[in-house]
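Since the structure comes first, as structure tokens, the remarks are kept for the end.
Have a look at this one:
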């Protein structure tokens, strides 16, 4: 061996690795930025409804706030099917198994339709009982029930659309869900403008018009999403006939999905409990926490986007048998996500009042909300770590570990600490955010430990194939 060839070979190896990482980072960005925009657009439907109701009256705002919280909490719990189908379809795509991807997608869509019917029925029958648990006046409760029941009419088709988005993303296409979500927002704004305020010669409908606009835009957007999926323009070649094919078991999909759905329910439940605790400090403290939460909301988006990218790539690479590639994809997603969210954190620490004043000009609320936002600035790297690593675990098919991490952090730490600080000790509102910082830091450390053990790389996901193909094979 020529000793003088060692250094050039080493230099070549380093160059190849750098080029490989550069390509991987580009792939991560291409997956993440549409997911970030989609998340931002998803939040806008409720925000637009709230903004329009602000011009109708405080009662309408309260009704939309409560009604929307109840409806979306329940719907996103069933949306845990998205995590299960993502893990299965991404694995199948990586393994070059379009038949298995079609099987998982068709099973998930059938279950989503059934769950959507259940949500709709529960809202129609149990809506008044749920809203009655609040302390709202009777007239406001009636409006909230109307809002919930109207939105729930679209659940049987919108929940399958949420699953369709997950399937499309799992093939590596995150732009289509973003575009369709943008279409839903645009349609909702236009319809609400006419129906709520009575423009164009229509009768002003107030909250009812807002609910009709929201459900109409969601249903039409769902039709577009399902049509795109069945058109087979990209991905797995799914056709409507696959939904009615004989055979196949949904047990693996249910096994993967139930933990994610329960995790979402538990996380939202912990936030709701914290809101109840903060209400004991008075309206100013509750408003400060609400304002701070809105001010920091934009910082969540990168964590979500890079979690989506990490989950898709982890699933696809494990399906292809590339464990090191899966590990590197998660590592690079984490580095980029932490850098971006860490930047937000520095801004929150240095200039919290700048963000807070976007939402309020009341001096007392600005002061308290700024204290809360400064604390969340320190939490940003921990939030990025937890979201991205747990997203990669779900994409790999390990949905139980993120559930356990959430249960431990939210219910063993955050809820008890918030109750102690706020209800028992009557400390200032920002101590609720101290509890949040403790929760996220512990969850991040546990997530790092789980990632470093590498056991998630060995997660097994059972794929089914031709058993669910319609007669004559794929259409």
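Residue numbers (this note's numbering): 89 to 563. Ideal Cβ positions, reconstructed from N, Cα and C, are used throughout, including at glycine.
Nonlocal neighbours in the same chain, by C-beta distance under 6 Å from residue 550, ignoring five residues either side: 340
Quick one: measure Cβ to Cβ for residue 181 and residue 258, integer angstroms, because I've assumed they're closer than 8 Å. 6 Å
As an exercise, report each continuous beta strand (DSSP E) stretch of at least 3 residues that is fully enclosed by the stretch 320–391, in chain order. none
Identify, in the order they occur along the chain, each residue of the same chain with its Cβ nearer than 8 Å to the Cβ of residue 434, setting aside the five sequence neighbours on each side. 465
Exposure label - residue 560; buried when at least 16 CB within 10 Å: In this prediction, residue 560 scores a pLDDT of 41, lower than 50, which makes its location untrustworthy; the coordinate-derived value is nonetheless stated afterwards. Exposed is the call here.
Leaving out five residues before and five after residue 527 in sequence, what residues of the same chain have Cβ atoms less than 8 Å from its Cβ? 497, 498, 501, 502, 505
Would you check if the distance between the CB atom of residue 487 and the CB atom of residue 208 is smaller than 8 Å? no
So residue 477 and residue 535 are supposed to be a Cβ contact under 8 Å. How far apart are they, rounded? 4 Å
Please report the residue range of the alpha helix (DSSP H) in which residue 218 lies. 186–219
Residue range of the alpha helix (DSSP H) that residue 265 falls in? 263–285
Look at the alpha carbon of residue 191 and the alpha carbon of residue 370, and state the distance between them as a whole number of angstroms. 52 Å
Whole-angstrom distance between residue 525 and residue 456, CA atom to CA atom: 16 Å
Using the three-state DSSP reduction, which class does residue 447 fall into: helix, strand or coil? coil
For residue 495, collect the residues of the same chain with a Cβ closer than 7 Å to its Cβ; drop the 5 residues on either side in sequence, then sort them by chain order. 354
What does a CB cutoff of less than 6 Å around residue 431 pick up in its chain, not counting 5 residues either side in sequence? none
Ordered along the chain, which non-local residues of its own chain (more than five positions away) have a Cβ less than 6 Å from that of residue 246? 306, 310
Would residue 543 and residue 474 be called neighbours here (beta carbons separated by less than 8 Å)? no
Residue 516 (DSSP reduced to helix, strand or coil): coil
Under 8 Å between C-beta atoms of residue 394 and residue 120: yes
Shortest alpha-carbon distance to residue 517 belongs to which of 217, 115, 378, 130? 378
Please classify residue 550: does DSSP put it in a helix, a strand, or coil? coil
Between the C-alpha atoms of residue 212 and residue 237, what's the straight-line distance to the nearest angstrom? 6 Å
Start-to-end residues for the alpha helix (DSSP H) that takes in residue 229: 226–240
When the Cα of residue 533 is compared with those of 248, 187, 493, which residue comes out closest? 493
Which whole-angstrom value describes the C-beta separation of residue 420 and residue 116, a residue pair presumed to lie in contact below a C-beta threshold of 8 Å? 6 Å
DSSP-derived helix/strand/coil call for residue 102: helix
Judging by CA-CA distance, which residue of 357, 391, 320, 298 is the nearest neighbour of residue 126? 391
Limits of the alpha helix (DSSP H) - the one that residue 498 falls within: Residue 498 -> no alpha helix (DSSP H), and no H or E assigned at all.
Using the three-state DSSP reduction, which class does residue 413 fall into: helix, strand or coil? helix
Is it right to say residue 103 is buried, meaning 16 or more other beta carbons lie within 10 angstroms of its own, or is it exposed? exposed
Tell me the DSSP secondary structure of residue 291 in three-state form. coil
Span separating the alpha-carbon of residue 529 from that of residue 143: 40 Å
My guess is that residue 302 and residue 137 are in contact by the Cβ rule of under 8 Å, so how many angstroms apart are they, rounded? 6 Å
Less than 7 Å between C-beta atoms, sequence neighbours within five positions excluded: which residues of the same chain meet that for residue 198? 331
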